[in-house]
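**Q**
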Amino acid sequence: MRRRRYPSDTTDAEWFLLQTMLPVPACKTPQGGRPEAHPRREIVDALRYVVDTGCKWRALPADFPPFTTVWGFFDRWSAAGVFNRIRDQLRRRVRKAMGKQPHAVACVIDSQSVRVAANVPKATSGYDPGKKLPGRKRHIVVDTRGLLLFVMVTPASVHDSVAAREVLLRIRLMYPELVIVWADSIYAGTL
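So for the sequence shown, the working numbering puts the first residue at 246; every next one is plus one.
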C-alpha cells in the first residue's frame, strides 16, 4: 500500500463517490478475469497526479503503480467512455445540489486559442489570424452554470463557425435535451 500522499490524491469522500462510477473489475464479471494487481484507488490517484502535474507517464513517482499499468487503465477507460460518464454524473449531482434540473436545457459555446510548442506537428496546429497566434483552438461547450459539456480541439486556423457545425452535431447527439445554444457573433452564419 502506498504511504506517501500528494495534493492530487483522492479524499475518502471523493473515493466513496468515484468508486461507484468505475467499471466492475473483470475478475468480478461472469466472464471472469485475473484479479487486479493494484488497488483502483492507487490507479485513480496516479491518473489525477498526471493530470495535476502534467508529468510524462514514465515520470510517475515510484510509489504509484507502474506507469504501464496506469496507462493501460487510462486507455481502456477512455475507450469505454468512463471519464465522460463520470463527468456527466458529477455535473448532474452538482446541478441538483444547486436546485437545478439534472439535465441542462441551455448551453454556451465559445473557443479559446492556445499557443503550442514549436515541435507540435503542423497537421494538428495552425495560425489564428484574429489572435495572431500559432497553435490549437479549444471549442468548449458549458451549461448555464459553467459546468463542462463538451470540448473539441482543432488547429487554430479552423474558423469557429466551421468547427461549430461539428460541435453542435455532437452536442445534439450527446445531449438531446438541449434546446438553447448561446454564442457570440463569430458563430453567425449557416450552422
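In this text, a Cβ means the ideal position worked out from N, Cα and C, and glycines have one as well.
Remember, it's a predicted structure, so these values are computed and weren't measured experimentally.
Which partner residues of F395 appear in the DSSP bridge assignment?
**A** Answer by DSSP bridge pairing, in chain order: V386.
**Q** Between the segment 253-260 and the segment 274-284, do three or more beta carbon pairs fall short of 8 Å?
**A** As far as the Cβ criterion goes, the segment 253-260 does not touch the segment 274-284, which means the pair count is below three.
**Q** Quick check: the Cα distance between P310 and R249, rounded to an integer number of angstroms?
**A** Using only the alpha carbons, I get a separation of about 13 Å.
**Q** Kindly give me the distance between the Cβ atoms of V315 and I354, rounded to whole angstroms, as I take these residues to be in contact under 8 Å.
**A** The Cβ separation is near 33 Å, so there is no contact.
**Q** Could you check if A351 is buried or exposed, using at least 16 other CB atoms within 10 Å of its CB as the buried criterion?
**A** So A351 counts as exposed.
**Q** With distances taken Cα to Cα, identify the nearest neighbour of H283 among G299, P366, H404 and D308.
**A** Minimum Cα distance to H283 is reached at D308.
**Q** Determine whether the beta carbon atoms of R360 and T369 lie at a separation below 8 Å.
**A** Cβ atoms of R360 and T369: not closer than 8 Å.
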